[in-house]
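Q: Note that the protein sequences, when read in sequence, are chains C and L.
Here the numbering used here = 1-based position in the first sequence + 6.
Here the numbering used here = 1-based position in the second sequence + 2.
Just so you know, even glycine gets a beta-carbon here, dropped at the ideal spot from N, CA and C.
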Amino acid sequence: MLRRLSIGITTLMIVTAPTLALALQPPSAAQEGFRPLSELPPGQQVPAAPLLIGSYAFFLVLMMFYLWTIWRRIGRVEKELHDLVRRQAAVKR
Amino acid sequence: MRKIFLPLVVVTAAMFVYAPIAIALAPYESTMLLVQKIFYFHFATWMAVTAALTVCGISSAVYLFKGSPVADRIGAASAELVAVFTLFGLVSGSLWARKAWGIWWDWEPRLTMAFMLELIFFGYIIVRRFGGPGAEKLAAAMGIFGAATAPFIYKSTDWWRTIHPKTSVMRTLTDTPGGTIMWNVVIFCSVTFLILFALVLAARVRLEQLRGDLDRLYLAAED
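(1) Residues of chain C with CB closer than 8 Å to the CB of L:Val37, please, in chain order.
(2) Can you name the residues that DSSP bridges to L:Glu31?
(3) Going straight from the alpha carbon of L:Ile25 to that of L:Arg100, what length do you get?
(4) Measure the C-alpha to C-alpha separation of L:Thr178 and L:Ala143 and round it to an integer number of angstroms.
(5) Return no unless some Cβ of chain C is closer than 8 Å to the Cβ of L:Arg131.
(6) Counting only Cβ pairs nearer than 9 Å, list the residues of chain C close to L:Val93.
(7) Along the chain, where does the alpha helix (DSSP H) containing L:Gly133 start, and where does it finish?
(8) With a threshold of 8 Å between beta carbons, is C:Arg79 in contact with chain L?
(9) Going straight from the alpha carbon of L:Tyr30 to that of L:Gln38, what length do you get?
(10) In this structure, does DSSP put C:Gln37 in helix, strand or coil?
(11) Which residues mark the beginning and the end of the alpha helix (DSSP H) in which L:His44 is found?
(12) Return helix, strand or coil for C:His88, following the three-state DSSP convention.
(13) Whole alpha helix (DSSP H) runs in the stretch 135-185 of chain L with 4 or more residues, listed along the chain?
(14) Could you work out which residues of chain C lie near L:Ala223, taking near to mean beta carbons separated by less than 9 Å?
(15) Around the C-beta of L:Ser170, are 16 or more other C-beta atoms found within 10 angstroms, so that it is buried, or is it exposed?
(16) Please check if any C-beta of chain L sits within less than 8 Å of the C-beta of C:Leu11.
(17) Work out the CA separation of L:Arg208 and L:Arg218 for me, nearest whole Å.
(18) Going by C-alpha to C-alpha distance, which of L:Phe124, L:Ala16, L:Leu97 sits closest to C:Leu18?
Here it is as structure tokens:
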């Protein structure tokens, strides 16, 4: 599963990195005029709470997923190790 | 490490439970208000990235020049942690930028270099996984050069004109109203992340150690 996931991530990065680089070109001269966000009308302002909650939720999900992958990988290697030791003991007998 | 691992897990879990409370109780920054509270985990994660880069760079160099298998395990484990923490640093920064700068992303020096750092360490993981025999040495060289980017990323906001705040902004934190409380929360979150880094590193090194044992057993069985 992790092998498939890493192949997926690599493919995704290879495909999206150039697309992102092209899509996120520096702004044209017409876009460069700076306007402080506090001066924007309320309808155009970005709400902060979803961004803040999103940030902390992303951290929680990322960490939980990463810890789960470590736990799963350790479990798999330990199982393989025990199986191998058992097989070797059986051969010796 | 085994004796203090479990107590440290409990302490870290308690610190992660308390961290959102401390962040919520910290005063609002006067210009950015609520969204600035992303900063506490954002800064802390970059502290963890710095620790992971330092560990990765030193252990990769030790492995390359001394051939120590322990250093190789630590290098591989810390490189994965660089990738994980950098991913969160980039995402949290992007979410903060959406409100503070009005954009999700900008190809300015700090962000671009941090993105390159992520690519280097994704490359490290891929090389180790699919590189075949000798991939460990190639990956260790990548680890050293990846770690060497850290001071450039840190100083990039001082050296080049950028929308990212300069490194001196941290020193001004205590001068603002409620700055001392904010600074204490920053330190608390940073310590929490550094302990988390140490714990996950230990678990990840254990995985590498088990893999090494398994490889040795397979080799012994073949003989």
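A: Taking the structure as given:
(1) Position 35 of the second sequence, counted from the first residue, corresponds to residue 37 of chain L. Per Cβ cutoff of 8 Å: Ala54, Leu57, Leu58.
(2) The residue given as residue 31 of chain L occupies position 29 in the second sequence. BP columns for L:Glu31 point to L:Leu35.
(3) Indexing the second sequence from 1 puts residue 25 of chain L at position 23. Indexing the second sequence from 1 puts residue 100 of chain L at position 98. Linking L:Ile25 to L:Arg100 through their CA atoms gives a straight-line distance of about 20 Å.
(4) As a working mapping, residue 178 of chain L is identified with position 176 in the second sequence. As a working mapping, residue 143 of chain L is identified with position 141 in the second sequence. Across the structure, L:Thr178 and L:Ala143 are spaced so that their CA atoms are roughly 43 Å apart.
(5) Here the question's residue 131 of chain L lines up with position 129 in the second sequence. Yes - at least one Cβ of chain C is within 8 Å of the one on L:Arg131.
(6) Within the second sequence, numbered from 1, the residue matching residue 93 of chain L stands at position 91. Residues of chain C passing the Cβ test: Gly60, Ser61, Phe64, Phe65, Leu68.
(7) Taking the second sequence and counting its residues from 1, one reaches residue 133 of chain L at position 131. Careful: L:Gly133 lies outside any alpha helix (DSSP H) and carries neither H nor E.
(8) Position 73 of the first sequence, counted from the start, is the residue given in the question as residue 79 of chain C. With respect to chain L, the C-beta atom of C:Arg79 has a partner C-beta closer than 8 Å.
(9) Start at 1 with the first residue of the second sequence, and residue 30 of chain L comes out as number 28. Start at 1 with the first residue of the second sequence, and residue 38 of chain L comes out as number 36. Roughly 8 Å separates the two Cα atoms.
(10) Along the first sequence, one-based indexing puts residue 37 of chain C at 31. Note that C:Gln37 scores a pLDDT of 49, beneath 50, so its modelled location is shaky; the value from the coordinates is reported in the next line. Residue state for C:Gln37 is assigned as helix, using DSSP reduced to three classes.
(11) Counted from its first residue, the second sequence places residue 44 of chain L at position 42. Run containing L:His44: 41-68, per the alpha helix (DSSP H) assignment.
(12) Reading the first sequence from its first residue, position 82 is the one you call residue 88 of chain C. In the structure shown, C:His88 sits in a helix (DSSP, three-state: H, G or I).
(13) Taken in chain order, the complete alpha helix (DSSP H) segments of 4 or more residues contained in the stretch 135-185 of chain L are 137-150, 152-161.
(14) In the second sequence, the residue the question calls residue 223 of chain L occupies position 221. Within chain C, the residues near L:Ala223 are Leu90, Arg93, Gln94, Val97.
(15) Within the second sequence, numbered from 1, the residue matching residue 170 of chain L stands at position 168. L:Ser170 is exposed by the Cβ-count criterion.
(16) For the purposes of this step, residue 11 of chain C is taken as the residue at position 5 of the first sequence. Judged by the 8 Å Cβ criterion, C:Leu11 is not in contact with chain L.
(17) Looking up residue 218 of chain L in the second sequence gives position 216. Looking up residue 208 of chain L in the second sequence gives position 206. The alpha-carbon atoms of L:Arg218 and L:Arg208 are separated by roughly 15 Å.
(18) Reading the first sequence from its first residue, position 12 is the one you call residue 18 of chain C. Nearest option by C-alpha distance: L:Phe124.
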